[in-house]
Amino acid sequence: MNVENGVHDPHYFVPAPSRWPIVGSSGLFCLALGAAFAMNSVSAGKWLLLAGAAIIIWMLFGWFGDVIRESTHGQYGKQVDYSFRWGMSWFIFSEVMFFGAFFGALFYMRVITVPELGFDSTTHDLLWSGFKEAWPVATGPKVDAYHAMAPWGLPAINTALLLTSGVTLTWAHWGLVENQRGHLKIGLALTLLLGATFLGLQAYEYHHAWTEMQLTLASGAYGATFYMLTGFHGMHVLVGAIMLATMLGRVLRGHFDKEHHFAFEAAAWYWHFVDVVWLILFVFVYCI
Amino acid sequence: MTAATETLNPIQGGHADEAHGHDDHGHHASTGWRRWVYATNHKDIGTLYLWFAFTMFIVGGLMALGIRAELFTPGLQFWQPEFFNQLTTLHGIIMVFGAIMPAFTGLANWMLPLMLGAPDMAFARMNNWSFWLLPPSALLLVISLFVPGGAAAGGWTLYPPLSLQFGMGMDLAIFSVHLLGLSSIMGSINIVVTVLNMRAPGMTLMRMPMFAWTSLVTAYLLIAVAPVLAGAVTMLLTDRHFGTHFFKAVGGGDPVLFQHIFWFFGHPEVYIMALPAFGIVSQIIPAFARKPLFGYHSMVYATASIAILSFMVWAHHMFSVGMPATAQLFFMFMTMLIAVPTGVKVFNWIATMWQGSMSFETPMLFAVGFVCLFTVGGFSGLVLSIAPVDTQMHDTYYVVAHFHYVLVAGALFSLFGAVYYWLPKWTGYMYSERMGKFHFWWSMIWFNVTFFPMHFLGLAGMPRRIPDYPLQFTDFNTLASVGAFCFGLGQLIFLYNVIHTIRGGVGKAPANPWEGSHTLEWEVPSPAPHHTWETPPAREVVEKGLKEQLL
Amino acid sequence: MRFPRALGLAALLPACTYAIDGKYTFQTPQTLIARDISDLHAWIMAVIVVIFIAVFGVMFYSIFKHRKASGHKARHFHENTTVEVLWTLIPAVILVIMAWPAAKVVLAQKDTRDAELTIKATGYQWFWGYDYLDHGFGFKSKLATPRNQIEDYHRDSKQKDAHYLLEVTEPLVVPVGTKVRILATSNDVIHSWGVPAFGVKQDAIPGFIRDTWFKAEKEGTFRGQCVELCGRDHGFMPIVVQVLSKDKFAAWVEQKQKEAKAAADDPNKVWVRDELIARGKTVYEANCAACHKSDGAGGGAFPALTGSKIANGPIAAHVGIVLSGKGAMPAWQGLSDTEIAAVVTYERNALGNSVGDFIQPKDVKAARK
Ligand code: HEA
Ligand code: HEA
Ligand code: CUA
Ligand SMILES: [Cu+2]
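Residue numbers (the numbering used here), protein chains in the order written: chain A, 34 to 321; chain B, 196 to 746; chain C, 380 to 748.
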């Protein structure tokens, strides 16, 4: 994009004072306080949590409502468009780093910690005699037995689903660019369907793992990284799906044309990002 | 305080400067509390940030005085050890996340659009959110002091397994860090996009003010590492409540893993608190040397090098965890290497002063004080970077001395300089130069009295984070405590001077009160009107200033 | 090392820092490594002081000569590639010269091979435990300074000892001139085992063992403190090392072994309840009271044992949590079967609980599996 001063709107759009940010902050505050209370069995906790969540949902509707209104009223010029593009890219970069922390934890435990604990030597045998590491089924000296996930069942299907959804989304985007609305709608709906199926299968997988494979959050280095990585990924799929559903809603109302549809593209970037995370996850959590 | 802030930033009526054509604004400004709570104006939000930061500085400073009071003599006089640890922890967290970082973000908010010729920050509404996440996070920390078990007491570094032992206070600290991270990420995205996308025509990247450069690089660092910190504290949370074993050996986890993740964030974090200071000093020194910044290009490259290197040195905080020798050596060499680009900066500042026509108003005094004392702190950092020497110094007061030289005499002094430098632009009045100079010399003397002796304490082996100490450490501790109280007292002069200026100071300020400053913010009247550069400045205006800076 | 050492000493002489031991600078080094570190530091200080004087000499010259007040006019140069390359390269070269001797010391510090004596140092909240692995005995080393010298809330504390906060009930004893390998680990949180005079500092990480070594050159008593924040009494867990001649050390070891044998529990002994309760009280005070408090009331994150579901429930679960830990509760694998049987029995029949049952060491042994 144009770093060296390409576009200058004659009047860069600066929004009017808005109450949504402070609403959002109050919501997050309730959420944080509520969570801290709930985790320490203070009874007010869950009500605060609920209130916080409700406030946030209200804020999201209000805030994005404003943005959509401003956009459809043509208040966003070319330069604002660039801002949005930059903004979204940097946001995704921050998400990459967030996942990086968890992948880092996985690699570190797998390559350094677990082998060290299981290594036969005068030193660590003093503490954990008899522990022999065996990734993925024995990742800590004091972990209850569990079974590990096999990659070539559900996870492989899920991989295929997400990859396909990337394709259908791109196909929908072509529809938008070529002004073929029907095409666009079907593409979007298909993507959503694939995303929802993915989430359903993932939920099923969790249930199965938790109840039948004794694989829980407490299942050592493997259990922790498995649930945290796939869990945060799943949450991102959910958010992406909500974004796409919003886009579908807007498409049905006739929003977007082939020039102005950055909201759609942002959702698509996000979706592709979540896709890529899954691929890395599939390789490092399930396969290797 | 509201009365003061009202005057700090009066809404300009019709008499805006014609030359720049910002007569009417697309929307009406709100008034009263709504003006601040619903604000989308970068100047209002900048003002909020700055006052918030100063408040937190006082709060964190009072906690430091609590620490120093206890350490005045051996024995436990005032606090139970648990509470002492809470003081240390909250002092660190509040100063880092509540005082220094928001102050820099506030400055960026106020000054970047003015310096770059932009009508506002790129995302004005999100800008408001970045700010208004801070008071709730601070509130969470305050609440944590009153829950059963008290606030987090594991140091600002929150090392497990110790941090797994505390009660609800720790969870509140974790969530507070989450909100602070969110705020930092959004604030940084705003800064990056503003710098990349909102510059006036003619203001290319390699010609924009150094402060814009350092803000850009800092924001980039924050976007990269704030999520990593969020990840680290999330793992703490699940280890505390959901049975995971990230940091517990029984499940194949490792307490040292937390330290790796934390410092992967933490080391860039210390440059997040240093780079904007470099930017400020690079604005102030040329202005008062009446000479363009020496080696602009190498300054830019040095900033970038520091940022890149800062991702490769984190384990110098962990030399005593027992890493393999190869890792020790790698991190030692990389850490030492940072002295090269930092040295380039110091040399460039001195070359800027060389053959100048210098005068020493308060901003310049703080800038020169910064260069001297930051270098002292940098040198002690270099001593720490030598892994074997760090064996003796690690977790002693030598480290405390090191980081207060770079943080207080570094970040904080640069902030004082910035406030004096831009106060005329913000308020439309001149501050009292006499009071400013007094503030500088007072701070300079007592700062050194407080923190220089800590080097000796550290060399002699006094551990940090202890409420009581063996007798041979008494003298220097007493000295440091006296210094701390005097240093703190001096900050009241600063507060008074700022309020005095807001109320009229020593007279009206011209659009450009300094002879040697040529950046765009000095082209708008003082005080800066509520809306500036609604249409980008004309190319000649931009070029004129750039030519003065030989860019 | 000789050249930098001489230079460093020369630079430090004016400051007389070696004259006042342990106040302005390092404690007098007692090992080769500590001396290397001290020399490295001196040499680096010399380099730094020289650079500092040179750089700021230039700056202050400019500040005095090039001021507006004295009528100096600014000269508008703003670039010079040659000097910029120079002041990038010269510092880099200086750094290499600094890094070289440092790297050698790192390698020496890390070389724990061929130790003649291995001691495991375990950090507890808030004292140290030492196990002489080669000799089969161990002991705990706790702060000896009386509480009433420390707590000064009412200005009535006693005169403080000369070694206030640096005195322990029983120091670590090592022979002179012997390479001693320390295996540092911890029972609960991270502590750090450091003795400045030996140039040693090693974090003690729960669940892991990290080693370091030293070879003391002189007999005497050397002191350090825990140097990693470990909670409430972090400031109150000193480390004292007594260096004895090899003969005295051998005699000491012999005596300790005898004591240990005398005190050892016969694992097959069958205990009666009251014996276990009495024994359990000492185990409890030594290990558990730090968190659960002497009266079992707990506090903060630490649950009360008085009336606790586990301490009043099935005994197997009680033994289980003590053996394997949970959350912030450490796993007490390091206690003997007898000690665990005793402390569990104590908790169930004292501290306000009166379950009435008890457990034999051999059952604890079985539960360990
Ligand atoms: C603004 C913040 C800031 C800055 C800029 C720095 C800068 C540096 N820091 Fe510091 N540091 C902290 C904040 C900062 N630090 C904090 C907060 C901690 C403690 C955290 C905690 O544990 O709580 C810490 C701790 C810390 C440690 C760990 C100590 C320990 O716990 O054992 C180390 C070790 O290597 C270190 C090294 C350095 C180095 C090498 C630099 C270098 O960047 C300095 C470079 C500058 C110079 C060297 C001076 C100028 C250069 C010249 C004039 C050129 C010529 C010079 C030569 C060739 C010698 N720092
Ligand atoms: C980021 C910036 C920052 C700043 C600005 C400061 C400022 C100060 N710091 Fe701190 N400090 C840290 C960051 C900072 N610190 C960090 C990260 C740690 C590590 C924490 C940890 O170990 O986890 C630390 C730790 C730390 C310690 C070690 C504690 C320990 O190990 O137990 C000490 C001890 O002296 C200390 C002292 C001070 C003092 C005296 C000031 C002074 O400069 C403060 C001056 C300000 C005021 C005093 C308040 C304003 C004035 C008034 C309100 C007027 C009224 C005053 C009077 C009546 C006297 N700090
Ligand atoms: Cu043990 Cu600090
Ligand atoms: Cu660092």
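Backbone N, C-alpha and C fix where the C-beta goes; we use that ideal spot for every residue, glycine too. Just so it is clear, the structure is predicted and the values come from calculations on it, not from any experiment.
Check your understanding: Helix, strand or coil for I738(C) per DSSP?
Key -> As a first step, residue 738(C) is located in the third sequence; it is residue number 359 there, counting from the start. I738(C): coil per DSSP, three-state reduction.
Practice item. Might you give, ordered along the chain, the residues of its own chain that have their beta carbon closer than 8 Å to the beta carbon of E664(C), omitting 5 neighbours on each side? Key: Numbered from 1 along the third sequence, position 285 holds the residue referred to as residue 664(C). S673.
Review point. CB P343(B) to CB F453(B), shorter than 8 Å?
Key: Against the second sequence, residue 343(B) aligns to sequence position 148. Against the second sequence, residue 453(B) aligns to sequence position 258. No.
Point to revise | Three-state secondary structure (DSSP) of R435(B) | key: By 1-based counting over the second sequence, the position of residue 435(B) is 240. Collapsing the DSSP output to three states places R435(B) in a helix.
**Study point:** Members of the stretch 542–557 of chain B near chain C, C-beta cut-off 7 Å
**Key:** Flagged, chain order: F542, I545, M548, W549, Q550, G551, S552, M553 and S554.
Practice item. Answer with yes or no whether the minimum CB distance from M246(A) to chain B is below 8 Å. Key: As a working mapping, residue 246(A) is identified with position 213 in the first sequence. So no, M246(A) is outside the interface.
Review point. Can you find a heavy atom of ligand 1 that lies under 7 Å from the Cβ of T591(C)?
Key: One-based indexing of the third sequence puts residue 591(C) at position 212. For T591(C), the CB stays at least 7 Å from every heavy atom of ligand 1.
Review point. Taking the Cβ atom as the reference point for each residue, do F680(B) and R263(B) lie within a distance shorter than 8 Å?
Key: Taking the first residue of the second sequence as 1, we reach residue 680(B) at position 485. Taking the first residue of the second sequence as 1, we reach residue 263(B) at position 68. Taking 8 Å as the Cβ cut-off, F680(B) and R263(B) qualify as a contacting pair.
Review point. If you draw a straight line from the C-alpha of V291(B) to the C-alpha of G461(B), how long is it?
Key: Along the second sequence, read from residue 1 onward, the residue named residue 291(B) stands at position 96. Along the second sequence, read from residue 1 onward, the residue named residue 461(B) stands at position 266. Going by the C-alpha atoms only, they are around 11 Å apart.
Practice item. Please decide whether D590(C) counts as near chain A, where near means a Cβ-Cβ distance under 8 Å. Key: Taking the first residue of the third sequence as position 1, residue 590(C) is located at position 211. Contacts with chain A at 8 Å (Cβ-Cβ) include D590(C).
**Study point:** Beta-carbon proximity check, A254(A) vs G446(B), cutoff 8 Å
**Key:** Translated into positions along the first sequence, residue 254(A) becomes position 221. Translated into positions along the second sequence, residue 446(B) becomes position 251. Yes, they are a contact pair.
Review point. Which residues in the same chain as W80(A) place their Cβ atom closer than 8 Å to its Cβ, once the five residues preceding and following it in sequence are excluded?
Key: In the first sequence, residue 80(A) corresponds to position 47, counting from 1. The residues are G67.
Exercise for review: Anything in chain A within Cβ reach of G502(C), meaning under 9 Å, just list it in chain order.
Suggested key: If you number the third sequence from 1, residue 502(C) lands on position 123. One finds nothing in chain A with a Cβ atom closer than 9 Å to the Cβ of G502(C); even the nearest lies about 13 Å away.
**Study point:** Residue-chain proximity (T564(C), chain A), Cβ-Cβ < 8 Å
**Key:** In the third sequence, residue 564(C) corresponds to position 185, counting from 1. Under the 8 Å criterion on CB atoms, T564(C) is classed as interfacial with respect to chain A.
Review point. At least one CB of chain E closer than 8 Å to the CB of I467(B): is that the case?
Key: No chain E appears in the structure shown, which is made up of the protein chains A, B and C.
Check your understanding: List, in order along the chain, the chain C residues whose C-beta lies closer than 9 Å to that of K175(A)?
Key -> Indexing the first sequence from 1 puts residue 175(A) at position 142. The answer, in chain order, is S703, G704 and A710.
Check your understanding: Tell me which same chain residues have a C-beta within less than 6 Å of the C-beta of T717(C), skipping the five on either side of it?
Key -> Numbered from 1 along the third sequence, position 338 holds the residue referred to as residue 717(C). Closer than 6 Å at Cβ, skipping near neighbours: D644 and P740.
Practice item. Evaluate D219(B) with the Cβ neighbour count: other Cβ atoms within 10 Å of its Cβ, from every protein chain shown; 16 or more gives buried, anything less gives exposed. Key: Taking the second sequence and counting its residues from 1, one reaches residue 219(B) at position 24. Low confidence applies here, because D219(B) scores a pLDDT of 41, under 50, leaving its location unreliable and the question unanswered by this model.
Check your understanding: Is Y691(B) buried or exposed, if buried means 16 or more other CB atoms sit within 10 Å of its CB?
Key -> On the second sequence, residue 691(B) is found 496 positions in, with the first residue counted as 1. Under a 10 Å Cβ-count criterion, Y691(B) is classified as exposed, with fewer than 16 other Cβ atoms of the shown protein chains found around its own Cβ.
Practice item. Flag this pair as yes or no: are the beta carbons of Y415(B) and V387(B) separated by less than 8 Å? Key: Within the second sequence, the letter at position 220 stands for residue 415(B). Within the second sequence, the letter at position 192 stands for residue 387(B). At the C-beta level, Y415(B) and V387(B) come within 8 Å of one another.
Practice item. Excluding the 5 residues preceding and the 5 following L474(C) in the sequence, name in chain order all residues of the same chain whose CB lies nearer than 8 Å to its CB. Key: Looking up residue 474(C) in the third sequence gives position 95. If we look at L474(C) and ignore the five residues flanking it on each side, it has no Cβ neighbours.
Check your understanding: Is it the case that the Cβ atoms of S379(B) and D582(C) are separated by a distance below 8 Å?
Key -> The residue labelled residue 379(B) in the question sits at position 184 within the second sequence. The residue labelled residue 582(C) in the question sits at position 203 within the third sequence. In this structure, the beta-carbon distance from S379(B) to D582(C) does not fall below 8 Å.
**Study point:** Sub-8 Å separation of G564(B) and G256(B) beta-carbons
**Key:** Within the second sequence, residue 564(B) is the residue found at index 369, counting from 1. Within the second sequence, residue 256(B) is the residue found at index 61, counting from 1. With contacts defined by Cβ atoms closer than 8 Å, G564(B) and G256(B) do not form a contacting pair.
**Study point:** heavy atom of ligand 2 below 7 Å from I369(B) C-beta
**Key:** Residue 369(B) sits at position 174 when you count from the first residue of the second sequence. Ligand 2 never approaches I369(B) closely enough for any of its heavy atoms to be under 7 Å from the residue's Cβ.
Point to revise | Those residues which DSSP pairs with F681(C) across a bridge | key: Position 302 of the third sequence holds residue 681(C). F681(C) pairs with G678(C).
Practice item. Can you grab the Cα-Cα spacing for the pair V113(A) / V390(B), in whole Å? Key: Locating residue 113(A) in the first sequence gives position 80, counting from the first residue. Locating residue 390(B) in the second sequence gives position 195, counting from the first residue. V113(A) and V390(B): Cα-Cα distance of roughly 13 Å.
Review point. So what does I430(C) bridge to, in DSSP terms?
Key: The residue given as residue 430(C) occupies position 51 in the third sequence. Residue pairing by DSSP leaves I430(C) without any beta bridge partner.
Check your understanding: Exposed or buried, F646(B), counting other C-beta atoms within 10 Å across all chains shown (16 or more means buried)?
Key -> The residue given as residue 646(B) occupies position 451 in the second sequence. Here F646(B) is buried, its C-beta having at least 16 other C-beta atoms within 10 Å.
Check your understanding: Who are the Cβ neighbours of M121(A) in its own chain at under 7 Å, not counting the five residues just before and after it?
Key -> To locate residue 121(A), count along the first sequence from 1; it is residue 88. Only A299 and W302 meet the Cβ criterion.
**Study point:** Bounding residues of the beta strand (DSSP E) (the contiguous stretch that carries K375(C))
**Key:** Only positions 380 to 748 of chain C appear in this structure, which leaves residue 375(C) out of reach.
Practice item. Verify the CB distance criterion: does L250(A) have a CB-CB separation below 8 Å to chain C? Key: Within the first sequence, numbered from 1, the residue matching residue 250(A) stands at position 217. Not one chain C Cβ lies under 8 Å of L250(A).
Check your understanding: Taking just the CA atoms, how far does I412(C) sit from L419(C)?
Key -> Taking the first residue of the third sequence as 1, we reach residue 419(C) at position 40. Taking the first residue of the third sequence as 1, we reach residue 412(C) at position 33. C-alpha separation (whole angstroms): 10 Å.
Practice item. Anything in chain B within Cβ reach of S571(C), meaning under 7 Å, just list it in chain order. Key: As a working mapping, residue 571(C) is identified with position 192 in the third sequence. Against chain B, the beta carbon of S571(C) has neighbours under 7 Å at S515 and D590, listed in chain order.
Review point. Taking 7 Å as the cut-off, does the CB of H570(C) come closer than this to any heavy atom belonging to ligand 3?
Key: For the purposes of this step, residue 570(C) is taken as residue 191 along the third sequence, with counting starting at 1. Result yes, Cβ under 7 Å from ligand 3.
Practice item. Classify Y509(C) as helix, strand or coil using the three-state DSSP reduction. Key: Position 130 of the third sequence, counted from the start, is the residue given in the question as residue 509(C). Secondary structure of Y509(C) (DSSP, three-state): strand.
Check your understanding: Taking Cβ positions only, does R727(C) come closer than 8 Å to chain B?
Key -> Looking up residue 727(C) in the third sequence gives position 348. By this cut-off, R727(C) is not an interface position.
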